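For reference, each letter of the sequence shown is one residue, going 1 to 172 in our numbering.
The beta carbon of each residue, even a glycine, is placed where N, CA and C say it ideally should be.
Computed from a predicted structure; not experimentally measured.
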Amino acid sequence: MSVDTPRRIVLLRHAKADWPQVSDHERPLAERGRSDAPVAGRRLAETGIGFDLALCSTAVRTRETWKLAVHELPERPRTVYEDRLYEASLGELIALLNDVPDEVSDLLVIGHNPGMHALADALAGRAEGDTATRMNRSGFPTSAFAVLAFDGSWKSVEHGVGILVDFWTPHD
């Protein structure tokens, strides 16, 4: 696969989490999260993107979101549970994307805010229609996802490299 291959990154924020007396990493999904995650999965399926790889934070709420969403996809992509996604800074998220093998053309990242919003905002040099306005107005709520497209190697991912082509939230 050429390094000039068109690529897509989908950034999915985990579904609504509960606040029981456990560490932040161990927080499970709330009831609303358990109902929103499959809806997000169905909407991901409607994009028609066939993911080559899914990178999922190791936090309980992201793993539960992925478990519920992936059942709605036509094919299950290879999934890597990635410790570096939990509490990652913008720079750490970009470094993680730079490590993605170039055989991957369509990548799904299941993570947390503020990282998912910051990454979508940073990568989007341009936006189609009102996608950037909608994303920034909504604040990237739980179960929301952004779709960005770019050409080039994963090692070339940096600020402004992509086009924000879609933004979806479960509760508009």
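Report the rounded CA-to-CA distance for residue i versus residue j, giving the unit in angstroms.
{"i": "Thr169", "j": "Phe150", "result": "22 Å"}
{"i": "Ala45", "j": "Leu53", "result": "14 Å"}
{"i": "Ile9", "j": "Leu73", "result": "16 Å"}
{"i": "Val80", "j": "Asn98", "result": "15 Å"}
{"i": "Lys67", "j": "Val161", "result": "30 Å"}
{"i": "Ser138", "j": "Gly152", "result": "30 Å"}
{"i": "Leu96", "j": "Gly41", "result": "23 Å"}
{"i": "Leu119", "j": "Gly129", "result": "19 Å"}
{"i": "Ala17", "j": "Leu55", "result": "19 Å"}
{"i": "Lys155", "j": "Pro38", "result": "32 Å"}
{"i": "Val165", "j": "Ser23", "result": "35 Å"}
{"i": "Leu93", "j": "Asp83", "result": "11 Å"}
{"i": "Arg78", "j": "Val104", "result": "10 Å"}
{"i": "Pro6", "j": "Pro20", "result": "42 Å"}
{"i": "Gly125", "j": "Ile163", "result": "6 Å"}
{"i": "Asp4", "j": "Asp102", "result": "10 Å"}
Just to confirm the assignment, what range does the alpha helix (DSSP H) spanning residue i have?
{"i": "Pro20", "result": "First-last for Pro20: undefined, no H or E at that position."}
{"i": "Val190", "result": "Only positions 1 to 172 of the chain appear in this structure, which leaves residue 190 out of reach."}
{"i": "Thr131", "result": "131-138"}
{"i": "Ile163", "result": "First-last for Ile163: 162-168, but that is the beta strand (DSSP E), not the alpha helix (DSSP H)."}
{"i": "Glu46", "result": "31-46"}
{"i": "Gly125", "result": "From DSSP, Gly125 is part of no alpha helix (DSSP H) but of the beta strand (DSSP E) over 124-127."}
{"i": "Glu175", "result": "Nothing about residue 175 can be reported from this structure: the residues present for the chain run from 1 to 172 only."}
With distances taken between CB atoms, is the gap from residue i to residue j smaller than 7 Å?
{"i": "Leu29", "j": "Arg76", "result": "no"}
{"i": "Phe167", "j": "Thr131", "result": "yes"}
{"i": "Ser65", "j": "Ala15", "result": "One detail in the question is off: residue 65 reads as Thr in this sequence, not Ser. Yes, the Cβ-Cβ distance between Thr65 and Ala15 is below 7 Å."}
{"i": "Met135", "j": "Leu11", "result": "no"}
{"i": "Leu107", "j": "Val100", "result": "yes"}
{"i": "Gly111", "j": "Leu148", "result": "no"}
{"i": "Ala59", "j": "His25", "result": "yes"}
For residue i, which residues does DSSP report across the bridge?
{"i": "Pro6", "result": "Asp151"}
{"i": "Leu11", "result": "Val109, Ala146"}
{"i": "Val80", "result": "Leu55"}
Using a Cβ cut-off of 7 Å (strictly closer), state whether residue i contacts chain D.
{"i": "Asp121", "result": "This model lacks chain D altogether; it includes just one protein chain."}
Residue i lies in the beta strand (DSSP E); which residues open and close that run?
{"i": "Glu158", "result": "Unbroken run through Glu158: none, as it is neither H nor E."}
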